[in-house]
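Residue numbering for the sequence shown follows the numbering used here, starting at 3 and increasing by one per position.
Every residue gets a Cβ at the ideal spot worked out from N, C-alpha and C, and that includes glycine.
Structure first, then comments.
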Amino acid sequence: MSLQFIIGRAGSGKSTLLYKNLIDTSMNNLDKNILAVVPEQFSMETQKQILTMINEEYGLGGSFNIEVTSLNRLAYLIFEEQGIINYKVMDDLGKSLVIRKVLEQCKKELIIYKNKTAMPGFVEKVKSVLSELKQYYISDTDMDNMLDLCGRRPALYHKLKDILVIRKAFDEYIQDKMITTEDVLEIFCKYVGQSEIIKNTYFYFDSFTGFTPIQYKVLELLMKYSKGVMVSITLPENEKDFTTFNKYELFSLSKETIAKLKTLAKRNNVNINETLIAGEGKVPYRIKNNKALCHIEENIFRNKKLEKTENYNDAIEIYSLPNPRSEVAFVVAKISDLIVNKNYRYNDIAIITGDMANYYIYLEEELKKYDIPAFIDHKRDISSNPFVDGIIAVLDVIAMDFSYDAVMRMLRLNLLEINRNDIDVFENYIRRFGRRGFKSYSAKWEKCYKGFEERLVTVNNVREKIYNDILALRTTLKDKKATIKDFTLALYNFILSTNMEKRINDYVDMFEKDNKPELSKEYQQIYGVIILMLERIVDLMGEETVSPKEYVEILKAGFLEAKVGIIPPGLDTLMVGDIERTRLKDTKKIIFFLGVNDGIIPKMATNGGIITDSDRDFLKADEKEGFVLAPTARENIFKQKVYLYSLLAKPTEKVILTLSKTDNAGKTLRKSYLISDLQKMFSDLKIKDEEKYANSLEEITTKREALDYIAANAGEYKSGKEDRLFEVLCSVLYDDADAKKCLKLIKKGTFYKGRQPYLSRENARKLYEDKENIGITRLEKYAACAYSQFLRNGLKLGERREYEIAAYDIGNLYHEVINKFFVNVQKEGLHWENLEKETYNAILNNCVVDTMENYENDALDSSARNIFIKNQVRETAEKTIDVLIRHIDSGDFVPSEYELRITHGRIDRVDTYEKNNEIFVKVIDYKSGTTEFNVTDTFFGMQMQLMVYLKDAMEFEKKKNPDKTVLPGAGLYFHIQNPYIDRPDIRKVREEYRKKGTKETVSDEELMEEKVQDEQYKCYRMSGLVNSDFNVIEAIDKELSQATGNSKIIKVGTTKTGLSSRSTVIESNNYMKFINHVYDMAENMRKDIIDGNIQINPTENACTYCPYGGVCGFDLKVGDRYRQLEKLDLKQVISRLNTEKNKGE
């Protein structure tokens, strides 16, 4: 019955002194038990250190009466001694599952959290608070006392009331079935006094930073009943005689621990032996030769003025990097350099971070890149493992009734082992036809589209496999009487049917062959963890009944809790740890601290916990009760300082800190207070900015790093940039067989020239059959990029059609409705001037209904969206038709043809105007987009439609009227739209009205309506090319003959001296030259296509919306260039046309 402390500064040798006492006691008391008690994660390292010391001191391989254990494992040892074998301990996984269940059961009794039980993360919060109450020994009676205390704080009162309801429901659910891990020590306390093992044991506690109330209770009983208890605590010798302390000072936790243990010892009449001091009067042995690190250990985080020194001798380095990823890349490259060029071992170095969750993925990636053996002290959850994700995906398919997303996620995870090409074909089909729902999957699919007939067999084979493989599982999950046990058994049988265990083992073998030990170890555990979790679910709630959706949520919660641990791969291994979890037992020469930013150091307080910091302060502050709860965020900051202090005293040579300028989302980050404190301690300590860290031969230390540099800079080298380092690395690596293969791949990618510029004529003719069938739209695509046209029209590579109404569908509907309307009016022999509104509406409604009922995209029938689209189409068509009629009434051109089929397409409308035995032809092409006439694009072939259509329409008219002269009138784009106009300022409108000299009185509302309609009408001005003959212009818009200004119909204007300079007009003779130029160009393009031209030669805008970027490999970074077109105005085009004409003559 004794208590003794070992104290000392960080690195002073406390553990060594404690283990020396432990070993000496063991050798002198061979009939006694000697137990070293440490936190669970330090068991292996402690065993190794004790065995090494026994060998050095006594020349022995070990001692039979020494054992290293944790508090929980000690409890199980005593349970076994006392014959207690019926306690089934629930882990975090089981706890989450039970909490999820009881929340549903007691939801109606809750006040604050009634509607929050299903919120993401709420189960985790409840689990955390229930664990805290257990760990801090808060009973139901204590909870009642808390409620009495909270009368003046209703929010806290109702919160605690809800927690008590949930806790009682939880305890009732697991009563006589299981206990939680927090219950283990509480039950252990009941048997300590009865244990003969305890009475015959010396206990040595090491590596604890403090104890919870239940742990203090255990220590109290061990002091009372055991041979003796020794505890090591970090506390400098000059502070050992404290009487009081500030809870926010660096060593407050140590002082609090000593004070509490002394109080417990005195209460139980336990002897308190003289405190031993490790390294008394000496500088910690690890850093005795390093003045800078000694200075840090003596001064950091003390409540005193920091002493400045210049003696840091590069023992401290601070680097600033752009972001976390570059931080990790920099640190790992540094470590590689230390190993390769400075003769360090991996075991000499450690990486520590305060944000393992964020840095883990980058660390894993970079360490693999450099082939560095590392142990990352971080347990991985298995929810992202493809086999686990596949199980959830299958259940989601059932719960979501075979929705597209659920089915495709399941197939992509390949749980059903279906060929990937077949999956691609299947995906295209279900996206195109909107296949979803179990009923749909139960019958053969017959619907097909052109060119897909042969693949329909594949689609049905995949459909049938999905249906058959899932049917039994779905049948069970849809049985309302089935229990969780039934669900789980059905899921287990499904897992067996997928041969999952063998497939996982195949991955294990593959990872071992590929030298990926971490993945191999992870996959070795996956199947066992899955099956264990299913067993836990059945044990905990097998007889419960839930919906399939709830069952999926239970599984998801379980998989999030399930973790796999990775054993360190070897003795010479880089240690990667967390500030709070990791304790470095081995001496390290260099420690890297990643992420030394505000929010990480100190750790940002997590908001949204059930018991907030203000709640804790209130409950702790009560003079009568003074409830002990988990630390607040502020208290945790000081606790983190203790961890940092210990870690900063661990290295013998150097501390290297890195920080990020921005986070992964680009948000600016600030440096941590730790950096500020260090800079206050050292006069010349600067932050080094490292934007690029691999820019010299000395800084590239591995083959992989060299290849990364070559790959990253190959494009610039190809473009002509001089790079001697690039050339040296290529030369060095060329003699390495493996590196040579990589160099060839980099070269192939960098100097990639695309496909052959020409197909054989034979193959081209097989693809295109007849050049006469090559329409204008295809030719425009060809003019923009020959290779894009080849992929789209030759190989028929198209973007996947979706089961939805796309923008082009809406455009097609507008076209159809408007054309049908004019055709029907013409068939009925009606005239625009006397078309009654009732007749107008009837024709329009019939056109809308007929168009939508017969439209090829059956997605129109799939939802209420049909009604919205129908109204949208009708409203826009009505507005557009009104304008078109008004345009017709405003001139002398008369519609002669609608939907005129010609050799190279279909013209929406052809109008004619006849005068003096001359017929002028005007073509109008309806556009639902924002296409505007562009003279440059027309000249070079990207916008040929109007010119070619005008040529064909003129020839059509010539055949009808062989004795008359047919001339070009205009080629125009008309935008189908329903423009929205903001209400104008009535004062300005009234002023405009006054200037017109109108004397008629008009109300503001009427004036406003007139102005809005006028502005809307202007939005419909047609762009295109118009014959400059004023008779033609007047025949399009009569108003231009009456006043100067801009036409409201076409983009032509007049001034006092004639047509405005901005008018796109052209004289008849030149118009014909332009038309013939475009027509001849179209014919030449057809010939080129048939001849097999498939060059990758895009114009500057051709790639903007092109879906084939991933196929052609066009890349400006590796030297590819756009085909530059000269920007021409109409005058320059006319000049070029006349030059061509003269050359032709």
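query                                                                                                              : result
Three-pair Cβ contact test at 8 Å for the stretch 497 to 506 versus the stretch 463 to 470                         : no
Start-to-end residues for the alpha helix (DSSP H) that takes in His380                                            : Looking at the DSSP string, His380 is not in any alpha helix (DSSP H), and its letter there is neither H nor E.
Start-end ranges of the beta strand (DSSP E) lying completely within the stretch 565 to 603, minimum 3 residues    : 576 to 580, 590 to 596
Nearest neighbour of Glu198, chosen from Thr182, Gly212, Ile189, Leu224 [CA to CA]                                 : Leu224
Residue-level contact to chain B via CB, Ile593, 8 Å cutoff                                                        : In summary, chain B is missing from the structure at hand, where a single protein chain is found.
Residues bridged to Ser322 (per DSSP)                                                                              : Leu661, Asp691
Bridge partner(s) assigned by DSSP for Gln6                                                                        : Met232
Within the stretch 482 to 549, ranges of the alpha helix (DSSP H) (whole runs, at least 4 residues)                : 486 to 499, 502 to 515, 519 to 543
Pick from Leu650, Asn271, Lys652, Ile613 that is closest to Pro633, judged by C-alpha positions                    : Ile613
Cβ pair count under 8 Å reaching 3, the stretch 893 to 911 against the stretch 815 to 822                          : yes
Residue closest to Arg1148, alpha-carbon to alpha-carbon, out of Leu1132, Ile807, Leu1130, Ser1070                 : No information on residue 1148 is available, as it lies outside the stretch 3 to 1147 that the chain covers here.
For Lys929, the first and last residue of its enclosing beta strand (DSSP E)                                       : 920 to 929
Val330 - DSSP class collapsed to helix/strand/coil                                                                 : helix
Asp357: first and last residue of the uninterrupted beta strand (DSSP E) it sits in                                : Here Asp357 belongs to no beta strand (DSSP E), and DSSP marks it neither H nor E.
Cβ-based neighbour list, Thr259, same chain, cut-off 7 Å, excluding 5 preceding and 5 following                    : Gly212, Phe213, Ile235
C-alpha gap between Val578 and Gln1097, whole angstroms                                                            : 52 Å
Contact check, Met956 vs Ile988, beta carbons under 8 Å                                                            : no
Limits of the beta strand (DSSP E) - the one that Ile613 falls within                                              : Note, Ile613: premise wrong, no beta strand (DSSP E); not H, not E.
Per-residue burial, Leu799 [other beta carbons within 10 Å of its own, 16 or more giving buried]                   : exposed
Start-to-end residues for the beta strand (DSSP E) that takes in Ser898                                            : 896 to 904
Backbone secondary structure at Ile677 - three-state DSSP                                                          : helix
N- and C-terminal bounds of the alpha helix (DSSP H) containing Phe172                                             : 156 to 176
Contact under 8 Å by Cβ, Met1083 with Pro970                                                                       : no
8 Å Cβ shell around Ile677 - same chain, five flanking residues per side excluded                                  : Ile320, Val598, Leu659, Leu661, Ile689
Which listed residue (Gln681, Cys744, Lys682) has its alpha carbon closest to that of Tyr711                       : Cys744
Thr933 to Ser1025 span [Cα, whole Å]                                                                               : 9 Å
Reference Asn963; option with closest CA among Ile921, Asn67, Glu994                                               : Ile921
Span of the alpha helix (DSSP H) around Leu769                                                                     : 763 to 770
Rounded C-alpha distance that separates Glu299 from Tyr60                                                          : 33 Å
The alpha helix (DSSP H) enclosing Asp913, as first and last residue numbers                                       : From DSSP, Asp913 is part of no alpha helix (DSSP H) but of the beta strand (DSSP E) over 907 to 917.
Beta-carbon proximity check, Leu365 vs Gln217, cutoff 8 Å                                                          : no
First and last residue of the uninterrupted beta strand (DSSP E) at Phe976                                         : 967 to 977
Three-state secondary structure (DSSP) of Glu282                                                                   : coil
Close-in-space but distant-in-sequence residues of the same chain around Ala716 (CB under 6 Å, 5 per side omitted) : Ile748, Thr752
7 Å CB neighbourhood of Ile506 in its chain, flanking five on each side removed                                    : Phe389, Tyr525, Ile528, Tyr529
Alpha carbon of Asn349 to alpha carbon of Ser386, nearest angstrom                                                 : 30 Å
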